[in-house]
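Engineer:
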Amino acid sequence: MNLLSRLHKAPIRVLRLQRRKSMSRIRFSMIRLRMALSQETDETRRMLIIYQRSLQGKATQAEMRFANHQLVDVLRATGLGIFAVLPFAPITIPILIKLGRKLGIEVLPSSFQPKADKQKKLPDYES
0 MNLLSRLHKA PIRVLRLQRR KSMSRIRFSM IRLRMALSQE TDETRRMLII YQRSLQGKAT
60 QAEMRFANHQ LVDVLRATGL GIFAVLPFAP ITIPILIKLG RKLGIEVLPS SFQPKADKQK
120 KLPDYES
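In numbering that gives the first Met the number 0, the protein residues as written are 0 to 126.
1) Need the endpoints of the alpha helix (DSSP H) that GLN69 sits in, please.
2) Which two residues bound the contiguous alpha helix (DSSP H) that contains PRO89?
3) Taking just the CA atoms, how far does PRO10 sit from THR40?
4) According to DSSP, simplified to helix, strand and coil, what is PRO108?
5) Using the beta-carbon count (16 or more within 10 Å), is GLN60 buried or exposed?
6) Considering Cα atoms alone, identify which of VAL106, PHE82, MET22, PHE65 is closest to ARG45.
7) Report buried or exposed for ILE30, applying the criterion of at least 16 other Cβ atoms within 10 angstroms of its Cβ.
8) Taking ILE92 and PHE82 to be in contact with their CB atoms under 8 angstroms, please state how far apart those CB atoms are, rounded to whole angstroms.
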């Protein structure tokens with residue numbers, strides 16, 4: 000009888016472990032997303048300051064390149080935001096990203112790319 004009750008509870012234990020594992024994955028993904036978005040916010044704030052300085056004629060060429068690159072990142076994020084609202088977004092966004100990479104178009108903003116890719120592709124815009 001004891002063996003039967005253990006066999007009966009085994010699937011429940013497996014489900015609990017799978018649930019705990021998936022919750023930890025979700026937490027980790029949310030932390031990574033929060034870090035990427037906070038980085039994007041800081042860069043966007045810096046972009047706006049550079050554009051204000053540009054209107055006054057005080058921005059350098061390197062700063063303007065950084066600001067223009069950040070503007071492209073903001074537009075990329077906006078484009079992905081449109082797809083996130085549509086139905087079947089969990090299916091369409093990964094397909095869109097893979098298709099873009101196949102065609103040589105980077106769809107994701109730079110803050111969502113791995114750091115090794117960012118350092119390879121982007122020159123340093125710091126002045």
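Where a beta carbon is used, it is the ideal one built from N, C-alpha and C, also for glycine.
Structural biologist: In terms of the structure at hand:
1) Note, GLN69: alpha helix (DSSP H), 60-84.
2) 88-101
3) 44 angstroms
4) coil
5) GLN60 is exposed by the Cβ-count criterion.
6) PHE65
7) exposed
8) 6 angstroms
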